[in-house]
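To start, the structure under review is shown below, and the notes come after it.
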Amino acid sequence: MMEALRGNQRSYLLSAGSVTVMLLAWVFVTSTGLANELFLPGPQAIWDAFIKAATRGYQGSTLLEHVGVSLWRIMVAFAIACVIGIPMGILMGASKDAASILNPFIEFYRPLPPLGLYTLLVMWLGIGEESKLALLFLAALPGIIITTVQAVHSIDPVYVRAAKALGANRATILREIYLPAAGPMILAGMRISLGFTYTVLVAAEIVAATAGIGWMIWDAAKFLLSDVVIMGLIVLGLTGIALDLSMRYLGKLLMPWTR
2 MMEALRGNQR
12 SYLLSAGSVT
22 VMLLAWVFVT
32 STGLANELFL
42 PGPQAIWDAF
52 IKAATRGYQG
62 STLLEHVGVS
72 LWRIMVAFAI
82 ACVIGIPMGI
92 LMGASKDAAS
102 ILNPFIEFYR
112 PLPPLGLYTL
122 LVMWLGIGEE
132 SKLALLFLAA
142 LPGIIITTVQ
152 AVHSIDPVYV
162 RAAKALGANR
172 ATILREIYLP
182 AAGPMILAGM
192 RISLGFTYTV
202 LVAAEIVAAT
212 AGIGWMIWDA
222 AKFLLSDVVI
232 MGLIVLGLTG
242 IALDLSMRYL
252 GKLLMPWTR
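Encoded structure:
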């Protein structure tokens with residue numbers, strides 16, 4: 002127990018030390034003039050941009066409103082991807098026929114670049130919220146499906162045979178065997194997929210958007226407002242960490258056997 006506590010303390014100290022060194026290096030290169038402040042402002046300028054965006058807003062919306070719009074888009078698209086992707090992955094993992102039918106389509110569009118997909122989605126769905134949600138949904142879906150398929154394949158078939166021998170039907174096997182056993186790996190795939198979806202957020206918000214953290218970064222870059230760009234990236238990273246921690250906590254609540 003004491004060794005585990007010392008190990009955790011060492012990890013926290015190393016993490017805090019690496020962040021501190023990075024901040025000190027940032028202060029050094031900006032205060033000594035090694036970096037042009039037009040492209041790399043100092044921490045104080047970033048903090049001032051944060052306070053200004055949080056209180057006075059940026060282009061008509063406060064920072065909280067920008068973050069709220071982006072989180073709404075992310076969570077709606079990601080939730081739809083989970084509702085569709087997890088059952089589809091379980092079906093493909095449990096049925097070779099289903100995998101043979103669906104896998105070619107998934108493998109075809111999975112490596113397509115988001116901006117390439119977005120042009121087609123805008124043609125089909127317009128420049129409103131529908132095309133943005135569709136792009137984020139398509140970004141999240143493949144990772145969830147592929148991880149779920151692998152999770153189902155990793156289940157020990159002895160469990161399935163034992164359940165069948167005890168008279169369990171397909172619904173019971175799905176609920177009592179597949180989901181609990183594959184749950185931890187599915188959760189890991191959801192976390193990876195959510196992170197990738199977050200990286201597509203800027204691409205989803207560059208067309209006909211008026212709010213959103215990704216749009217704010219894109220708009221500020223057009224005017225060389227590097228303090229707003231870096232501040233937005235920091236906020237984007239911190240909200241991404243918060244979402245990942247929330248996913249971990251949710252996984253512990255839904256799957257207490259994984260603690």
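Sequential numbering of the sequence shown, starting at 2, is according to this note's numbering.
For every residue, glycine included, the Cβ atom is placed at its ideal position computed from N, Cα and C.
All figures in this text were calculated on a predicted structure; none of them were measured in a lab.
Check whether the Cβ atoms of residue i and residue j lie closer than 8 Å to each other.
i, j, result
"A54", "M232", "yes"
"A82", "A141", "yes"
"L195", "M248", "yes"
"L136", "P115", "yes"
"I145", "G94", "no"
"D228", "P42", "yes"
"I156", "A164", "no"
"L103", "L118", "no"
"A182", "Y160", "yes"
"V261", "I218", "Residue coverage of the chain in this structure runs from 2 to 260, which leaves residue 261 outside it and unanswerable."
"A78", "T198", "yes"
"V236", "L64", "yes"
"R74", "G238", "no"
"A166", "E177", "no"
"T149", "G86", "yes"
"I230", "A243", "Note that residue 230 is Val in the sequence shown here, rather than Ile. Cβ distance not < 8 Å, so V230 and A243 don't count as in contact."
"L39", "L234", "no"
"I91", "Y13", "no"
"D245", "R192", "yes"
Per DSSP, residue i forms a beta bridge with which residues?
i, result
"S62", "Y59"
What first and last residue would you give for the alpha helix (DSSP H) that runs through residue i?
i, result
"V161", "158-166"
"R192", "180-200"
"L113", "Per DSSP, L113 belongs to no alpha helix (DSSP H) and is neither H nor E."
"L136", "130-154"
"M217", "214-223"
"M232", "227-255"
"R267", "With the chain covering only 2 through 260, there is no way to say anything about residue 267."
Quick check on residue i: buried or exposed, where buried means 16 or more other Cβ atoms within 10 Å of its Cβ?
i, result
"G215", "buried"
"P112", "exposed"
"P158", "exposed"
"A205", "buried"
"S101", "exposed"
"P143", "buried"
"F109", "exposed"
"I147", "buried"
"V84", "exposed"
"A172", "exposed"
"S32", "exposed"
"S132", "buried"
"A50", "buried"
"L188", "buried"
"V68", "buried"
"S71", "buried"
"V201", "buried"
"Y250", "exposed"
"A210", "buried"
"L134", "buried"
"L122", "buried"
"I47", "buried"
Please determine whether the Cβ atom of residue i lies at a distance below 7 Å from any heavy atom of the ligand MN.
i, result
"G196", "Looking for the ligand MN in the displayed structure turns up nothing, as the structure carries no ligands at all."
Which residue spans inside the segment 12-75 form an unbroken alpha helix (DSSP H) run of at least 4?
Whole alpha helix (DSSP H) segments, 4+ residues: 44-56.
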